[in-house]
Amino acid sequence: MRGALVLWAAVPAAVILSAQSKPDFAKDVRPILARKCVMCHNEKLAQNGLRLDDGDAALAGSYSGKVILPGDSARSKLAARVSSVKKGFMMPPMGAPLTPAEVATIKAWIDAGAEWPRAAKASTGVEKSKHWSFQPVAKPGLPEVSNAAWARNPIDRFILARLEREKIAPSPEAPRTTLIRRAALDLTGLPPTPEEVSAFLADTRADAYERLVDRLLASPHYGEQRARRWLDQARYADSDGYEKDNVRPYAWRWRNYVIDSYNNDLPFDRFITEQLAGDLLPGARQEQLIATGFHRNSLTNREGGVDRKENRYDQLVNRTNTTGTVFLGLTAGCSQCHDHKYDPIKQKDYYSLMAFLNRSEEADIDAPLPGEAGPMMRARPEYLERRRHLMRVYEVEPLQAEWETHMLGALDHPGRDLEWDFEISNVITMFDRFEAILRTPREKRSERDQERLMYWFMTHTGPARDRDAGHLACIKTDFRRRLTDLDNAQPKVSQGMIMTELANPPDTFIAVKGDYREKGLKVDPAPPAFLPPLAEGAERNRLSLARWLVSKENPLTSRVAVNRLWQEMFGRGLVLTSEDFGTQGGKPSHPELLDWLASEFRDNGWSVKQTLRLILTSATYRQSSNTRKELMETDPENVLLARQSRLRLEAENIRDSALAAGGLLNDQIGGPSARPPQPAGVAELGYAGSVKWANDEGPARYRRGLYTFFQRTTPYPMLMNFDEPDSNVACSRRRRSNSPLQALNLLNDPVFIEAAQAFALRVSREVPPERRLDYAFELALGRGPTARERERMQKFLDQQATAFGKDKEQAKAMLPMEPAAAAWAGAARVLLNLDEFITRE
Amino acid sequence: MNELEFLRLRNRRRFLREVGGGIGMLGLSHLLEGEGRAASINPLDPKPPHFPGKAKNVIFMFMEGAPSQMDLYDPKPELQKISGQTLPESLTSQLRLAFIKKDAKVLASPRVFKPYGQCGTEFSDYIPNIASCADDICLVRSMYTEAFNHHPGQLLLFTGSIQLGRPTMGAWTIYGLGSESKNLPGFVVLTSGVGTSGGASNFSSGFLPSHFQGTLLRNAGDPILYLSNPEGVTAETQRSALDAIRDLNQERLTDTGDMEIASRIQNYELAYRMQTSAPDLVDLSKEPAHIREMYGIDDPVTKQYGTNCLLARRMVERGVRFVLMMDASWDQHSNLNKGLKRNCDRTEKPAAALIKDLKQRGLLDSTLVVWGGEFGRTPMVEIRNASDPDNAGRDHHPLAYSMWLAGGGIKGGTVVGKTDDIAFNIVEDKVHVHDLQATMMHCLGFDHTKLTFRHMGRDFRLTDVHGEVVKKMLA
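Pasting the structure below:
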């Protein structure tokens, strides 16, 4: 983009020379290239796809096309680049530039026909990278350990072997109260109830813990918890993003698919195949179509005046980068504008990957949930009849036809009428495929398309035409109101946002320097060249890409996937940089364990549940998370896992825990997003008052955090305070910050106050007075208080009781439902603010 | 510093503290009083920049929507002569326009410009008060950008990239410098009540940890979200609740040895201090009458923006590092004369008052003030309602526009750059958005190429891979 304007440096001396002499390639030209160009443009590096060490390759050109036009130095990019002095354009980009004489030689050589004597043909094979993560996954044997009794399963052998090497003893097993809270929070995101804790403590069977893990894996909340992590990867949101940030009322339909898939333990290879290419599966079922909503989560810019081609390119970039990060753990995005600086991903690889995705487009479908289709179908004939009637009354069809003619005219003759031009620029950004639908004759349009067009017309009738002005106004007001009333009374079917394969897919070109308007070399869909190739004869489509990802030969997919599961259970992956398995990412702390887990994952049929069961039942996982003084020096980051880690809960789970402790949680699984109370002024930050947020007052108010409506430009403050990702790009690893705003949030947010009040009511109603303090600790922390904690809390309760005794009004304000128990509301607020409450230990 | 180094350093510090006495034995009050000790935990503690910078604080008056440069800062009498004509294709062939077509007619500016101050810089009659600060202002008439839609333009301005998800300049600033304020956030955002295209992405911390993100100071209700105690909680019961939280957290800290709990204890104390300092910040009742008059606090037209400007000064006095004031909307596609005048009337007197007030308090030298939008506007007309002659407006124009800076190491009384006769292209001293960012970072004491954060295997910075410090802007 910058530097698109070229300054042609004038080199008069060269012009004279080029007209007169014919340089010899070997004697005059090759030495210049060797000195100034070949360090980057050689077989191995081939920057921007260009080689200047081989005749055929050099004449074939770079990603942006031919650079040498024999006989025409004036139009040859090679000559232009080496003679330029403009930063960012000149070649070489650094170091000594070519002298005027050298430039003249190059130009003269090109003008004389650019003869390049045939050298021995160089091989074109791609250099094999030796980087660890690009090597095939092989299942290593289990290492020998001296303290074999400690190891409960193979995972422990790997961990222990390393600890023994470092002469570090593992930590003792965590107390059982900690174990159940840890496992419950990790697997379901919800704290255990006091009843669940006492049942577990009372279970004396040898495999009580394993049974606990199995029970939690079977909980429908398991799917919710796993889904939220996947939503981070998929940059899920309930709105378009960018200025207009329109809501996506059915984005949740894909989220349902994710939750259900985890709950059903859909094999992970099928899970990702369906999401990338469910529509291409033979006889694809509705849920497999819904699965492709994965890539509908990219942003859409509907700002007025946006270039639609640019928006599509931006979406493709977002999808390509996401595909790289989520499935391959590669920072592919670095190669959008140039070859990757560190990893062997060429710019060509990037656009070859994009080419798979460029073959598809967005589509919306009816995606009824069980029970939705029947009522809609039965009501439809009468509905259609009443709609037709309304349309006749308001003469919608003839006026729409006239409007269509105007719109077509404006499309065909831009600049003729500025007001209609504006209508066009407006509709183009807001209404996908508008032009295609408009240009389809009325009788050939699908019912859905015709409906969309009519609904658009109803709200955007165009500049008032004198004689129809009043009539059109009626359509925008009366007709619209009556139709909306009619629509609202109809049984609905849920909608799905999916991807479909284009009948005539466009070609994909390398975008020179990442600018989509600068078309470079045309590329075919292909995986990165440094990784194993597609299966022989595979069609070049998303389905083949998905099958390639989950093939046995692919060294990355399974490693990346199990590493994330590990990260979720220990707070840190075996590879710290779970989003980057490239050369700049972290090295695995336990490479053999990672490969063992990756192989095991594939061997067990890509079962996430079985893999998690293995991790959770290991002795490694079951260790205490308390720090040990000697470890603070030797292993402060807990890389070696001589203990568990103490982890602050993620944003949604903090909300979930507070609602659960207060007994307020609505535990419905799936469904539309909810709008819990949000302070006034937050939504108003959105563009021109377009974001609407009406607090849910019914049961939706108490839904789990993962169902909170995510409006990209004005996200829910509590979630952001606790490090929810911004949902613009794939997030593989959340940060865990610790800030004063978090303190204010937990202390004073009405959501948490309501939870504290409900908590206090439970405590005062469900148990006798002498049990209350214990019960409160059990509800909040899954354990009873220590003696010192009991003493401190009692002191606080006494202070509160005194204060409220003196001031009945305050007591009434604190707990209107039962002012006598106001002190307990204060105590509940304290408990919900404890570090331990928002931490899994 | 990359994340690994950061973690290592932090843990190392914690370890040293741990073995050098033991946190449990030390006692919490000691921890909180001993600035040095507590400091090492807090990522927002003040840090020195690469070299001593003139500016310690930044106030960015962001005029969202793109103010029209030829109606405010860049006089173009030539437009009068060719008003109503179409521009030659050679000029417009590369131009990307949001709404109008390339053959749209030239629209002259009816504004009257005259020179101000000793420097004699010309300003429009819509902004006489800003113009009266001419000798403190460095007017850049040669800004340019790539984006021609609002949200991408705002992203480029604030994060250096059109791609979403990068940290904003406020976040970079407190990442680099930390915050001087112990009782207020280091990066505060004010709005004039109308939402912007960029929304929260204009003050996001992107991939930096979230404590670097901007905190919105709200216009109504609690100045900071969730600041006031819920009903039923008095100052007294709040303190006793916080004491209980602290003591119980301390118990857990002793049991687990997890230093994250020490950070949390400290953050609850900071939150408590914010509960008193933030209301004090927004209480303007003690400001003297002449100051209120200066900012236009009691005039309904200037009240909103004047209040924000005065708050910005009060924040700088209290050590807030970066204040972003977002004012929307300056997107005059139609009704240019009326809309622009209304915006100027609302904001320009308070903006000038801020400069003068900072100056009279000796704060201007250490405060970098920036005024501007995400791009400029076309010399050509945009017409959305052909039947209304006053409806004329201007479309988006990224190739040339004006911004100004003052204070904090900036050379006052100067003009940088020159545009052609119709403010279409730049003919002298092009200043890209990345150059502006590089220069702002320079004023703060940073080499913009070295203030980086490693993410996804790469060192990212505010200026992406571009940007040069504009020496002509510097004092």
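Residue numbers (this note's numbering), protein chains in the order written: chain A, 612 to 1452; chain B, 4 to 478.
Note that CB positions come from ideal geometry on N, CA and C, so glycine has one too.
Note that the structure is a prediction, hence the values are computed from the model and not measured.
What do you reckon, are the CB atoms on residue i and residue j nearer than 8 Å?
| i | j | result |
| --- | --- | --- |
| leucine 1132(A) | isoleucine 1121(A) | yes |
| leucine 1372(A) | methionine 1428(A) | yes |
| leucine 1426(A) | glutamine 1368(A) | yes |
| glutamine 844(A) | valine 748(A) | no |
| asparagine 132(B) | threonine 370(B) | no |
| valine 436(B) | alanine 331(B) | no |
| arginine 846(A) | serine 909(A) | yes |
| serine 200(B) | methionine 1331(A) | no |
| lysine 185(B) | arginine 276(B) | yes |
| aspartate 81(B) | aspartate 424(B) | A small correction: the amino acid at residue 81(B) is glutamate; aspartate does not occupy that position in the sequence shown. Yes. |
| alanine 1398(A) | leucine 1443(A) | no |
| threonine 931(A) | methionine 965(A) | yes |
Cutting at 6 Å between CB atoms, please list the residues of its own chain near residue i, excluding the five before and the five after it.
| i | result |
| --- | --- |
| serine 963(A) | Val1134 and Ala1137 |
| glutamine 1411(A) | Ala1434 and Gly1437 |
| aspartate 360(B) | Arg316 |
| phenylalanine 1068(A) | Gln1011 and Trp1014 |
I'd like the list of long-range same chain contacts for residue i, defined as Cβ closer than 7 Å, with 5 residues on each side in sequence excluded.
| i | result |
| --- | --- |
| valine 418(B) | Thr124, Leu142 and Arg144 |
| serine 1105(A) | Tyr861, Arg864, Ala978, Pro979, Leu980 and Glu983 |
| leucine 1022(A) | Ile1035 and Glu1046 |
| glycine 1395(A) | Asp1385, Phe1388 and Glu1389 |
| aspartate 890(A) | Leu900, Thr903, Ile1109, Met1110, Thr1111 and Glu1112 |
Along chain A, in chain order, which residues have C-beta atoms closer than 7 Å to that of residue i?
| i | result |
| --- | --- |
| threonine 218(B) | Leu1352 |
| glycine 168(B) | Asp1337, Asn1339 and Val1340 |
| asparagine 394(B) | Those do not exist, as asparagine 394(B) stays about 10 Å from chain A at its closest Cβ, beyond 7 Å. |
Verify the contact flag: residue i, CB atom, against every heavy atom of the ligand ZN, threshold strictly below 7 Å.
| i | result |
| --- | --- |
| methionine 66(B) | Looking at this structure, you won't find the ligand ZN or any other ligand, since it has none at all. |
Determine the chain B residues that contact residue i at a beta-carbon separation under 8 Å, and present them in chain order.
| i | result |
| --- | --- |
| serine 1348(A) | Pro212, Ser213 and His214 |
| glycine 1282(A) | Correct list: empty, because the minimum Cβ distance to chain B is about 26 Å. |
| leucine 1022(A) | The contacting residues do not exist; leucine 1022(A) stays about 13 Å from chain B at best. |
Out of the options, state which residue places its alpha-carbon closest to the alpha-carbon of residue i.
| i | options | result |
| --- | --- | --- |
| valine 1362(A) | Pro1326(A), Glu1335(A) and Arg1312(A) | Arg1312(A) |
| glutamine 1234(A) | Gly1216(A), Leu1225(A), Leu1242(A) and Ala1253(A) | Ala1253(A) |
| cysteine 648(A) | Phe636(A), Asp639(A), Arg662(A) and Lys655(A) | Arg662(A) |
| aspartate 722(A) | Val678(A), Lys633(A) and Arg1044(A) | Lys633(A) |
| glutamine 72(B) | Thr95(B), Asp246(B) and Phe378(B) | Phe378(B) |
| glutamate 854(A) | Glu885(A), Ala810(A), Asp825(A) and Gly916(A) | Gly916(A) |
| leucine 1260(A) | Thr1238(A), Gly1393(A), Phe1333(A) and Asp1307(A) | Phe1333(A) |
| glycine 68(B) | Thr259(B), Gln335(B), Leu408(B) and Thr350(B) | Gln335(B) |
| isoleucine 976(A) | Ile1364(A), Arg907(A), Leu1223(A) and Leu790(A) | Arg907(A) |
What residues in its chain sit with their C-beta under 8 Å from that of residue i, if we drop five residues either side in the sequence?
| i | result |
| --- | --- |
| glycine 460(B) | none |
| histidine 1071(A) | Glu1034, Asn1037 and Val1038 |
| glutamine 241(B) | Asn232, Tyr275 and Gln278 |
Along chain B, in chain order, which residues have C-beta atoms closer than 7 Å to that of residue i?
| i | result |
| --- | --- |
| aspartate 1360(A) | Tyr229 |
Listing by chain order, which chain A residues have their CB less than 8 Å from the CB of residue i?
| i | result |
| --- | --- |
| asparagine 483(B) | Since the first residue of chain B shown is 4 and the last is 478, residue 483(B) is not available in this structure. |
Show which residues of chain A have a CB atom less than 9 Å away from the CB atom of residue i.
| i | result |
| --- | --- |
| phenylalanine 456(B) | Within 9 Å Cβ-Cβ: nothing; phenylalanine 456(B) doesn't reach chain A, min ~12 Å. |
Along the region 253-272 of chain B, what residues have a CB closer than 9 Å to any CB found in chain A?
Going along the region 253-272 of chain B in chain order, one finds Glu254, Arg255, Leu256, Asp258, Thr259, Gly260, Asp261, Met262, Glu263, Ile264, Ser266, Arg267, Ile268, Gln269, Asn270, Tyr271 and Glu272 with a Cβ nearer than 9 Å to chain A.
Compile a chain-ordered list of the residues in the region 678-700 of chain A whose CB is closer than 8 Å to at least one CB of chain B.
Answer set for the region 678-700 of chain A: empty.
Within 8 Å of chain B by C-beta, residues of the region 903-922 of chain A in sequence order:
Identification of residues in the region 903-922 of chain A having a C-beta nearer than 8 Å to some C-beta of chain B yields Leu910, Asn912, Glu914, Gly915, Gly916, Val917 and Asp918, given in sequence order.
Taking beta-carbon pairs under 8 Å, can you tell me which members of the region 312-339 of chain B lie near chain A?
Taken in chain order, the members of the region 312-339 of chain B whose beta-carbon sits within less than 8 Å of a beta-carbon on chain A are Ala331 and Ser332.
Taking a cut of 9 Å between CB atoms, which residues from the region 1285-1308 of chain A lie near chain B?
Result list: Pro1290, Ala1291, Gly1292, Val1293, Ala1294, Glu1295, Leu1296, Gly1297, Tyr1298, Ala1299, Gly1300, Ser1301 and Val1302.
Residues of the region 238-253 of chain B in Cβ contact with chain A at a cutoff of 9 Å, in chain order, please.
Flagged, chain order: Glu239, Thr240, Gln241, Ser243, Ala244, Leu245, Asp246, Ala247, Ile248, Asp250, Leu251 and Asn252.
Positions along the region 935-949 of chain A whose CB lies within less than 7 Å of some CB in chain B:
Hits within the stretch, in order: Thr942 and Cys945.
Determine which residues of the region 1154-1186 of chain A have a Cβ less than 7 Å from any Cβ of chain B, and write them out in chain order.
Listed in sequence order: no entries.
Give me the subset of the region 1030-1041 of chain A whose CB atoms are less than 8 Å from a CB atom of chain B, sorted by chain position.
When C-beta distances to chain B are compared with 8 Å, the residues of the region 1030-1041 of chain A below that value are Glu1030, Asp1032, Phe1033 and Ser1036, in chain order.
Taking a cut of 8 Å between CB atoms, which residues from the region 1250-1274 of chain A lie near chain B?
Cβ contacts with chain B come from Arg1257 and Arg1259.
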